[in-house]
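Residue numbers (my numbering): 14 to 399.
The beta-carbon is built from N, C-alpha and C at its ideal position, and this holds for glycine as well.
Remember, it's a predicted structure, so these values are computed and weren't measured experimentally.
Below is one structure, written out as structure tokens; the observations come after it.
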Amino acid sequence: MIAHLALPRILRIGGGAVREIGDVIASLGLTRPLVVTDSFVVGTGAAERMIKDLTAAGLSPSLFADTVADPTTDSLATGLLAIREHGSDSVIGFGGGSPMDTAKALGLLGRQGGPMSGYKAPCANAGPALPVITVPTTAGSGSEATLFTLISDSAGGEKMLCIGPAFLPVAAVIDYELTVSMPPRLTADTGVDALTHAIEAYVSTKANPFSDSLALVAIGTIGRVLRRAYADSDDLEAREQMMLAATTAGMAFSNSSVALVHGMSRPIGAHFAVAHGLSNTLLLPDVTASSVRAAAARYADCARALGVATGLDDNATAAGNLVSALAELCRDLRVPTPAAYGIDRDRWHELIPVMAEQALASGFTPNSPRVPADAEIRDLYEQIYS
């Protein structure tokens, strides 16, 4: 099998790296970046500091801070207007997964225009697009290093997967110091999101030796430090390691793809406004339990990387240990059920048939070691509710 691999051209990694953003932009021959972020990042003062650093580098930046959680096609309209009014030649996605996904979509629309629905999978978008530079402030989505973006259709509610080199950032600045202010709930949800990326990248039918090595490293790192980062926001070593693991997992799944957890997660996010990281976290233990028999050896490797099995354990035992360990991790991180999160029971059950249909139709589910029937996916949605 020939693996088709794609990575950002430039990576700056380490504490304080964000202060080099001006040098990164200038090195690419760009001068008028639009910083795409949200109100939270603005509130921390980080957006203002970035604008000052870009200006000090002789650049002409502008700020767009109206991104929304789980971006929609409607939310892109004002961002596109900001690009046109500023005459932007590049887009900086600064924040969590939502600002970065927004920036990727704006990069494409800023050059090509048209409705975002015209770019959803299975369409593979090669460009042209404005160059996108990503600066993550959470350790989870991996969007800083992937050729995917997720945008919800405001009209129909579909959470659209858009793929292709046009969405791959040309550069990413990975600065763990930006994550120190993350609260425990966000640390947990984004951390398990990164773990989901790594596990699904490894068991995906599109896995390859390159993505395998990245995925296993990410799994091992997350297993060692996620609980520490959750318990103590000032544990800088844990923060640094989680940031690296999230980016590594992002590179892994961008070059192999993810699977059923993501296929089932997208409808939850679209219908109930649940953040992507949390919706993955809700699903990971039960979906993994439903899939282990179809790829016991691969899941066993994940268990050994996570540190919950050894080479002395047979594959079936190791894979079973992984399922137990994921459930224990979610308990330790106080991951809520959909019921505890406040999702209405009747509405949840009413939408299960629609969510199952959308999960099967997603671009991710076919990559699963075992693609379940519609009835099995419905049962999984029933199972995770409470």
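When the Cα of residue i is compared with those of the options, which residue comes out closest?
i, options, result
"Pro382", "Ala322, Arg306, Phe266 and Leu41", "Arg306"
"Thr3", "Ala374, Thr115 and Phe107", "Only positions 14 to 399 of the chain appear in this structure, which leaves residue 3 out of reach."
"Ala302", "Ser75, Ala142, Ala60 and Glu389", "Glu389"
"Ser130", "Ala158, Lys172 and Ala142", "Lys172"
"Pro298", "Gly324, Val321, Gly263 and Glu341", "Glu341"
"Leu119", "Leu94, Cys136 and Ala137", "Leu94"
"Ala310", "Tyr215, Thr151 and Pro280", "Tyr215"
"Ala184", "Gly290, Ala372 and Thr260", "Thr260"
"Gly100", "Asp83, Pro112, Arg45 and Met264", "Arg45"
"Ala244", "Leu273, Arg279 and Arg198", "Arg198"
"Cys343", "Ala137, Leu239 and Ile105", "Leu239"
"Pro280", "Glu363, Gly355, Val367 and Phe266", "Val367"
"Asn125", "Asn334, Ala251 and Phe180", "This sequence places Gln at residue 125; Asn is not what is there. When each option's Cα is compared against that of Gln125, the closest is Phe180."
"Arg32", "Ala329, Leu191 and Ser399", "Leu191"
Taking the CB atoms as reference points, tell me whether residue i and residue j lie closer together than 9 Å.
i, j, result
"Tyr156", "Gly110", "Sequence inspection shows Ser at residue 156; the Tyr mentioned does not correspond to that position. Yes."
"Leu43", "Pro144", "yes"
"Ile235", "Met255", "yes"
"Gly376", "Ile64", "no"
"Glu253", "Gly28", "yes"
"Arg347", "Ile365", "no"
"Leu89", "Thr50", "no"
"Gly282", "Thr203", "no"
"Val384", "Leu393", "no"
"Met277", "Leu257", "no"
"Thr350", "Met264", "no"
"Ala423", "Thr86", "The structure shown does not extend to residue 423, since the chain is modelled only from 14 through 399, so no value can be given for it."
"Tyr354", "Val287", "yes"
"Lys219", "Thr162", "no"
Can you tell me the Cβ-Cβ gap for residue i and residue j, rounded? I've got them flagged as a contact below 8 Å.
i, j, result
"Ser217", "Val271", "6 Å"
"Ala19", "Asn268", "7 Å"
"Ile187", "Asp114", "Incorrect: roughly 17 Å between the Cβ atoms, too far for contact."
"Asp314", "Leu229", "7 Å"
"Asn293", "Val148", "Actually they are not in contact, since the Cβ atoms of Asn293 and Val148 sit about 22 Å apart, beyond 8 Å."
"Ala39", "Ala60", "Actually they do not touch by this definition, with Cβ atoms about 19 Å apart."
"Phe223", "Ala352", "Contact flag wrong, Cβ pair sits at about 40 Å."
"Ser304", "Leu339", "Actually they are not in contact, since the Cβ atoms of Ser304 and Leu339 sit about 12 Å apart, beyond 8 Å."
"Gly140", "Pro178", "6 Å"
"Ala316", "Ala332", "6 Å"
"Val112", "Ile146", "A small fix is needed here, since residue 112 is Pro in this sequence, not Val. With a Cβ gap of about 12 Å, Pro112 and Ile146 do not count as contacting."
Spell out the partners DSSP gives residue i in its beta bridges.
i, result
"Ser165", "Thr85 and Lys172"
"Lys133", "Cys175"
"Ala185", "Leu24 and Thr147"
"Val49", "Phe77 and Gly106"
Practice prompt. Write down every uninterrupted run of the alpha helix (DSSP H) in the region 51-110 whose length is 4 residues or greater and which is fully enclosed by it, in chain order.
Written response: Runs of the alpha helix (DSSP H) inside the region 51-110: 52-57, 59-69 and 86-99.
Discussion item. My parser needs the beta strand (DSSP E) runs of 3 or more residues fully inside the region 214-241; what are they?
Written reply: Unbroken beta strand (DSSP E) runs of no fewer than 3 residues, entirely contained in the region 214-241, are not found.
Item to complete: Go through the region 265-320 residue by residue and report every complete run of the alpha helix (DSSP H) that reaches 4 residues or more, in order.
Response: Correct list: 273-285, 289-304 and 309-319.
Practice prompt. List in chain order: all unbroken beta strand (DSSP E) runs of 3+ residues lying wholly within the region 21-47.
Written response: The region 21-47 contains these whole beta strand (DSSP E) runs: 23-26.
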